[in-house]
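Novice:
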Amino acid sequence: MTTDHEYVVATYLVHGHHNFYKKAQEIAVGLTVGTWTDLPKAKKEQMIPHLGKVIEVKVLNHKSDESPKALLMIGYPLINMNPDIPSILTTVFGKLSMDGQIKLMDLQLPDSLLSKFPGPRFGIDGIRRMIGVHNRPLLMSIFKQCIGLPLHELEIEYQNQVDGQVDLVKDDEIFFHDDYAPALKRIAVFEKYNQQQQEHTGKKVLYAVNLTGPVTQLVEKAKQFSKAGASCLLLNVIPYGFDVLHRISADPDVNVPIIAHPAFTGSFYPSPYYGLSAPLLLGKLMRLSGADIVLFPSPYGSVAMPKDEALDLAYQLQSPNSIHLPTFPTPSAGIHPGLVPSIIRDFGDNIIINAGGGIHGHPQGTTAGGKAFTDAIRATISGQTLAKAAENSAELRSAIHKWGAQ
Ligand code: 1AE
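So for the sequence shown, the working numbering puts the first residue at 5; every next one is plus one.
(1) On the DSSP bridge list, what partners appear for residue 12?
(2) With DSSP run on the structure shown, which of helix, strand or coil describes residue 300?
(3) Relative to the C-alpha of residue 53, which candidate in 9, 185, 75, 111 has its C-alpha closest?
(4) Please state whether the Cβ-Cβ distance between residue 79 and residue 330 is less than 7 Å.
(5) Could you work out which residue in 376, 356, 295, 395 is closest to residue 121 when comparing CA atoms only?
(6) Residues with a Cβ closer than 7 Å to any heavy atom of the ligand 1AE, in chain order?
(7) Would you kindly work out how many angstroms separate the C-alpha atoms of residue 325 and residue 107, rounded to a whole number?
(8) Beta carbon of residue 142, beta carbon of residue 171: below 7 Å?
(9) Would you kindly report the start and end of the unbroken beta strand (DSSP E) that includes residue 212?
(10) Considering Cα atoms alone, identify which of 205, 33, 250, 201 is closest to residue 219.
(11) For a test of the three-state rule: what should DSSP assign to residue 6, helix, strand or coil?
(12) Using the Cα positions of residue 140 and residue 181, report the straight-line distance between them to the nearest angstrom.
(13) Where does residue 25 land, buried or exposed, given buried means 16+ other C-beta within 10 angstroms?
(14) Using the rule of at least 16 other Cβ atoms within 10 Å of the residue's Cβ for burial, across every protein chain shown, is residue 50 buried or exposed?
(15) Do residue 361 and residue 404 count as a contact pair if the criterion is CB distance below 7 Å?
(16) Please work out which residues of its chain come closer than 6 Å, Cβ to Cβ, to residue 290, disregarding the five sequence neighbours upstream and downstream, and give them in chain order.
(17) Taking C-alpha atoms, which residue in 17, 337, 396 lies nearest to residue 379?
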């Protein structure tokens, strides 16, 4: 039940003001009842349940050559919002996002609101159960070069990836023009290979098919893919919208895990002055909307994210929470086998290691690329150095020769 003292609490980093308390008051009133001092008494009483409140203003130390900055925490009455991300984001950071140097750092939602979001359907344990691997990081391979290729060529590429012992294979997020190999045909062919392999090895590989098309058709398409035997879906969440992910993951007929791709999020998180923090955008909100797996730039690869942000993001995905299952963190971009020890040291072993170029670019080809990663993961979790493991793995040796090892 919603009560009149439940609030969504937003934390903002604000630069450049001199009276941060006044700014906080303006936000609390301006984004809720609009105006306050000029209202007659009766109107004020009517508006009180909807009025925002300043919870804390924390002025931060700054160097003399920096502009002043502060963290502002503002509470927004729950009754002003619907239980969906668009209404929450528009309330707390709609017009405000255009009001100078202000960045939305965090959102705290009361349990009564959190419980209206189903969150991930499968979560980390559900995915591990599907694949049948519980004691090491999972390995995902990204299809590279898929646009313009006919189905039979993609089928060979798919088999090469699976033969490298990966646990998941995902479409490239830019795979929209798929006239030569439509999604339903890919699902049929790739899932058939998955089944054959499972009979052989006992391990199930998941194939994440890119869910694309007009937004009004995506839930239906997701159901159709699920019914056709798809084992996983990939969604470019930010271009389509958090609510699309929410509706797909909450639909009982979409009975497969969903991977959230971070495409377009670089427009929002990197600035210290504007946008949303990465842990909120790619962590908390993705989990709340129902992502089972979230890709994000690792601190080491080609599109790097600062380490403290990446670690906080991973924490937001996995932190204990009595309402939502944990989401698999997947540090990505420019990952090669030599980075495996650093990834596991920093993020632990309950993660997915994800690579495109680091698998397909292996000197002996895609299957050897998967094998090099598998050997690097096995060595690292058993406490062996990559140099030692490479003595017995020609694939890992070649990978380290090409990309080095940290
Ligand atoms: C953070 C997104 C990573 C991604 O989508 C991608 O395609 C990575 O490819 P590689 O591993 O950098 O080749």
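Glycine included, every Cβ here is placed at the ideal spot set by N, Cα and C.
Specialist: Taking the definition as stated:
(1) In the sequence shown, the residue the question calls residue 12 occupies position 8. Partner(s): 80.
(2) In the sequence shown, the residue the question calls residue 300 occupies position 296. Secondary structure at residue 300: strand, using DSSP grouped into helix, strand and coil.
(3) What you label residue 53 is simply residue 49 of the sequence shown in a count that begins at 1. With distances taken between Cα atoms, residue 53 lies closest to 9.
(4) One-based indexing of the sequence shown puts residue 79 at position 75. One-based indexing of the sequence shown puts residue 330 at position 326. Not a contact, by the Cβ cut-off of 7 Å.
(5) Residue numbering aside, residue 121 sits at position 117 when the sequence shown is read from its first letter. The option with the nearest alpha carbon to residue 121 is 295.
(6) So the residues near the ligand 1AE by this Cβ test are 146, 148, 176, 177, 265, 266, 299, 300, 301, 305, 306, 307, 336, 337, 338, 339, 358, 359, 360, 361, 362.
(7) Sequence index remark: in the sequence shown, residue 325 carries index 321 (1-based). Sequence index remark: in the sequence shown, residue 107 carries index 103 (1-based). Taking the straight line from one Cα to the other gives about 26 Å.
(8) By one-based count along the sequence shown, residue 142 stands at place 138. By one-based count along the sequence shown, residue 171 stands at place 167. Against a cut-off of 7 Å, the Cβ pair of residue 171 and residue 142 comes out as a contact.
(9) Within the sequence shown, the letter at position 208 stands for residue 212. The continuous beta strand (DSSP E) containing residue 212 extends over residues 210-214.
(10) One-based indexing of the sequence shown puts residue 219 at position 215. It is 250 whose Cα lies nearest to the Cα of residue 219.
(11) Mapped onto the sequence shown, residue 6 falls at position 2. Residue placement at residue 6 cannot be trusted, given a pLDDT of 45 that sits under 50; the coordinates are not used to answer.
(12) The residue given as residue 140 occupies position 136 in the sequence shown. The residue given as residue 181 occupies position 177 in the sequence shown. Their Cα atoms are separated by approximately 35 Å.
(13) To locate residue 25, count along the sequence shown from 1; it is residue 21. Exposed, since its Cβ has fewer than 16 Cβ neighbours within 10 Å.
(14) For the purposes of this step, residue 50 is taken as the residue at position 46 of the sequence shown. Looking at its Cβ environment, which holds fewer than 16 other Cβ atoms inside 10 Å, residue 50 is exposed.
(15) In the sequence shown, counting from the first residue as 1, residue 404 sits at position 400. In the sequence shown, counting from the first residue as 1, residue 361 sits at position 357. Their beta carbons are not under 7 Å apart, which means residue 404 does not touch residue 361 by this criterion.
(16) Position 286 of the sequence shown, counted from the first residue, corresponds to residue 290. Excluding positions up to five away in sequence, the list reads 264, 298.
(17) Indexing the sequence shown from 1 puts residue 379 at position 375. Distance check between residue 379 and each of 17, 337, 396 places 396 closest, using alpha-carbon atoms only.
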